[in-house]
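Note sheet for the following structure.
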Amino acid sequence: MSWSALAWAVRQKLPSTQKLVLLMLAERHNGDSGQCNPSHDLLAEDCGLSRRSVVDQIGKLEEAGYLRVLHRARGNAKLPNQYVLNLHFGVPEKVKNIPDDPFLVVNDVHMGSEPFAQGVVNDVHKGSERAAHKPGIEPGIEPNTKKIPKSRAAKPEVEKPEGVTDTTWSDWLAHRKAKRAPVTQTALDNIASEAAKASYTLEDALKTCCARGWQGFCADWVQPRHQAQPQAPRQLQSFAERDREEQMQRWERATGRVHPDRQQHMPRNVIDITPRGETMFLES
Numbered sequence: 000m001s002w003s004a005l006a007w008a009v010r011q012k013l014p015s016t017q018k019l020v021l022l023m024l025a026e027r028h029n030g031d032s033g034q035c036n037p038s039h040d041l042l043a044e045d046c047g048l049s050r051r052s053v054v055d056q057i058g059k060l061e062e063a064g065y066l067r068v069l070h071r072a073r074g075n076a077k078l079p080n081q082y083v084l085n086l087h088f089g090v091p092e093k094v095k096n097i098p099d100d101p102f103l104v105v106n107d108v109h110m111g112s113e114p115f116a117q118g119v120v121n122d123v124h125k126g127s128e129r130a131a132h133k134p135g136i137e138p139g140i141e142p143n144t145k146k147i148p149k150s151r152a153a154k155p156e157v158e159k160p161e162g163v164t165d166t167t168w169s170d171w172l173a174h175r176k177a178k179r180a181p182v183t184q185t186a187l188d189n190i191a192s193e194a195a196k197a198s199y200t201l202e203d204a205l206k207t208c209c210a211r212g213w214q215g216f217c218a219d220w221v222q223p224r225h226q227a228q229p230q231a232p233r234q235l236q237s238f239a240e241r242d243r244e245e246q247m248q249r250w251e252r253a254t255g256r257v258h259p260d261r262q263q264h265m266p267r268n269v270i271d272i273t274p275r276g277e278t279m280f281l282e283s
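What follows is the structure in structure tokens.
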């Protein structure tokens, strides 16, 4: 590792992924010999990136002028590339000459060879890594580190009415949620209106909805509290009384008058008069 190369790489203003690859190349740079030839797989492991992403970032760094890539091969077998870091970018650093490498090949047949490159021009470049150094169509995907804000809990649209206890209100809200019925002001106003018709308070109406499993409330579903219970008719004691009652009803329908036997059982008004000498009772 070359401290001067690493310090130079740290000072460069580059995108995060390119700078990470440049730092790993500087970390693999030999300050004494100038050698820097890690494989793509080793760089991908050091950077935590895919091999393709490493190749793309190296191509971008080469085009920007931060480094040069020298392809190496032994016969028809490809060897790890040699990377020459241009330490004159940013704070100038002395670039040491690379000793002669018998395995270096020319970069491009049509552009001429490097002045110090040796070897034979062959078909090594056909389908080789040189094309892979060009920036790909799809850039390396940067990890998304933005924190997604937590959604705030939505406040209930309807506030608890006056006269309703917290327990009843929370029970009714849970009941509406279980019924999958929205809590709206219109629904609450309708319950209050129907409760008033049945002489119920809103508190009692909501309790009744929870107790009976009602989604809504209707005055017709409950008996108004102010309405007196109807008195049950007097039960006839025997079949004879029942027949006698039917006969009197038929006579009353035919004559349009009250049956005499029924008049005997009707209450009479008694007037208490105190005259001069004695007390008299008159029946009317």
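Every letter in the sequence shown is one number past the one before it in numbering that gives the first Met the number 0, and letter 241, counting from 1, is 240.
The C-beta atom is built at its ideal place from N, Cα and C for all residues, glycine as well.
Worksheet item: According to DSSP, is P79 helix, strand or coil?
Response: Here residue 79 is taken as the residue at index 80 of the sequence shown, counted from 1. The answer is strand: DSSP assigns P79 an E or B state.
Practice prompt. Closer than 7 Å by C-beta to L172: which residues in its own chain qualify, once you throw out the five before and the five after it? Chain order, please.
Written response: As a first step, residue 172 must be located in the sequence shown, where it is residue number 173. Here the set comprises V182.
Worksheet entry | L172 in three-state terms, based on DSSP | As a position in the sequence shown, residue 172 is number 173, starting the count at 1. When DSSP states are grouped into helix, strand and coil, L172 belongs to the helix group.
Discussion item. Can you tell me where the alpha helix (DSSP H) holding L187 begins and where it ends?
Written reply: Start at 1 with the first residue of the sequence shown, and residue 187 comes out as number 188. Counting along the chain, the alpha helix (DSSP H) containing L187 begins and ends at 184-196.
Discussion item. Which residue marks the beginning of the beta strand (DSSP E) containing H28, and which one marks its end?
Written reply: The count along the sequence shown starts at 1 and reaches residue 28 at position 29. Careful: H28 lies outside any beta strand (DSSP E) and carries neither H nor E.
Worksheet item: Tell me the DSSP bridge mates of L318?
Response: Examination of residue 318 is not possible in this model, given that the chain is present from 0 through 283 alone.
Item to complete: Inspect the beta-carbon positions of E202 and A218 and report whether they are closer than 9 Å.
Response: Residue mapping note: residue 202 aligns to position 203 of the sequence shown, counting from 1. Residue mapping note: residue 218 aligns to position 219 of the sequence shown, counting from 1. No, the Cβ-Cβ distance between E202 and A218 is not below 9 Å.
Discussion item. Considering only the alpha carbon of each residue, which of C35, A63, Y82, R243 lies closest to K12?
Written reply: In the sequence shown, residue 12 corresponds to position 13, counting from 1. When each option's Cα is compared against that of K12, the closest is A63.
Practice prompt. To the nearest angstrom, report how far apart T185 and R241 are at their CA atoms.
Written response: Residue 185 sits at position 186 when you count from the first residue of the sequence shown. Residue 241 sits at position 242 when you count from the first residue of the sequence shown. Cα to Cα, T185 sits roughly 55 Å from R241.
Fill in: Where P134 sits in the DSSP three-state scheme
The count along the sequence shown starts at 1 and reaches residue 134 at position 135. Caution applies to P134, whose pLDDT of 49 falls short of 50 and renders its modelled position unreliable; the model cannot decide the point.
Worksheet item: Are M0 and H39 closer than 9 Å when you measure CB to CB?
Response: Translated into positions along the sequence shown, residue 0 becomes position 1. Translated into positions along the sequence shown, residue 39 becomes position 40. No, the pair does not count as a contact, with Cβ atoms beyond the cut-off.
Worksheet item: In this structure, does DSSP put L48 in helix, strand or coil?
Response: In the sequence shown, counting from the first residue as 1, residue 48 sits at position 49. L48 falls in the coil class under three-state DSSP.
Worksheet item: What residues in its chain sit with their C-beta under 7 Å from that of N80, if we drop five residues either side in the sequence?
Response: The residue given as residue 80 occupies position 81 in the sequence shown. Closer than 7 Å at Cβ, skipping near neighbours: N36, V68, L69, H70, R71, E128.
Worksheet item: Using CA coordinates, which residue listed in I57, L66, Q56 is at the minimum distance from W7?
Response: What you label residue 7 is simply residue 8 of the sequence shown in a count that begins at 1. Of I57, L66, Q56, the residue nearest in Cα terms is L66.
Worksheet entry | Any C-beta of chain D under 9 Å from that of L86 | Absence of chain D from the displayed structure is noted, only one protein chain being present.
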